[in-house]
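Colleague:
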Amino acid sequence: MGRGLGMLLALLCFASPAYALSPPHHLYNASRRLVEMVGAPFYFLFCEGPRRMKAAWQAEVWGQEKPEKRGKFRYRLQAVPRMVGEEAKAAVDGATHSVDSAGRAAKELISIFLGD
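In this text, residue positions in the sequence shown follow this note's numbering: the first is 564, and each later residue adds one.
#1: How should F605 be labelled, buried or exposed, when 16 other C-beta atoms within 10 angstroms of its C-beta is the threshold for buried?
#2: Quick check on L584: does DSSP put it in helix, strand or coil?
#3: What's the gap between the Cα of A669 and the Cα of V655?
#4: Are the CB atoms of A642 and E623 within a distance shorter than 8 Å?
#5: Between R516 and W625, how many whole angstroms is the CB-CB distance? I'm expecting something under 8 Å.
#6: Using a 10 Å radius around the Cβ and a threshold of 16 neighbouring Cβ atoms, would you call A619 buried or exposed?
#7: Three-state secondary structure (DSSP) at K629?
#8: Answer yes if the stretch 586-600 comes into contact with the stretch 638-653, meaning at least three C-beta pairs across the two stretches below 8 Å, and no otherwise.
#9: With C-beta atoms as the reference, is A593 less than 8 Å away from L672?
#10: Just checking my contact of S664 with H589 at CB under 8 Å: how many whole Å lie between their CB atoms?
Okay, structure coming up:
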């Protein structure tokens, strides 16, 4: 029983396709990661940052529990530092994503010469 199961497993392993990437695939993946490395800070600064700032503004100004407190000038003033913080967090996320993409591109380039 165990021997037959082992033989079946070995046959299935030999019959399964191998997913080794060719050098053009590695170059494609590396170039995609390099483009991502260059574009990530801009994406996070100009797309993700304003989206987070809008969400922070809405939560701070219009997210008050009591309806009579919503939209007051005091809460609008409190929202400004939070929005600056959200933009700073987006900039840091963009930088970390850029560094991560650079590392992944380097791994792809190394695997061209040293195999999968």
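The beta carbon of each residue, even a glycine, is placed where N, CA and C say it ideally should be. Keep in mind it's a predicted model, so treat the numbers as computed, not measured.
Modeller: Walking through what the data contain:
#1: For the purposes of this step, residue 605 is identified with residue 42 of the sequence shown, where counting begins at 1. With fewer than 16 Cβ atoms within 10 Å of its Cβ, F605 is classed as exposed.
#2: Reading the sequence shown from its first residue, position 21 is the one you call residue 584. If DSSP states are grouped into helix, strand and coil, L584 belongs with coil.
#3: As a working note, residue 669 is residue 106 in the sequence shown. As a working note, residue 655 is residue 92 in the sequence shown. Our two residues, A669 and V655, have alpha carbons roughly 21 Å apart in a direct line.
#4: As a first step, residue 623 must be located in the sequence shown, where it is residue number 60. As a first step, residue 642 must be located in the sequence shown, where it is residue number 79. Against a cut-off of 8 Å, the Cβ pair of A642 and E623 comes out as a contact.
#5: Any answer about residue 516 is impossible in this case: the structure gives the chain only from 564 up to 679.
#6: Locating residue 619 in the sequence shown gives position 56, where the first residue counts as 1. The residue is buried, with at least 16 neighbouring Cβ atoms inside 10 Å.
#7: Against the sequence shown, residue 629 aligns to sequence position 66. Residue state, collapsed to three classes: coil.
#8: No contact exists between the stretch 638-653 and the stretch 586-600.
#9: Looking up residue 593 in the sequence shown gives position 30. Looking up residue 672 in the sequence shown gives position 109. In contact: A593 and L672 (Cβ atoms closer than 8 Å).
#10: Reading the sequence shown from its first residue, position 101 is the one you call residue 664. Reading the sequence shown from its first residue, position 26 is the one you call residue 589. That belief does not hold up - the Cβ atoms of S664 and H589 are roughly 15 Å apart, past 8 Å.
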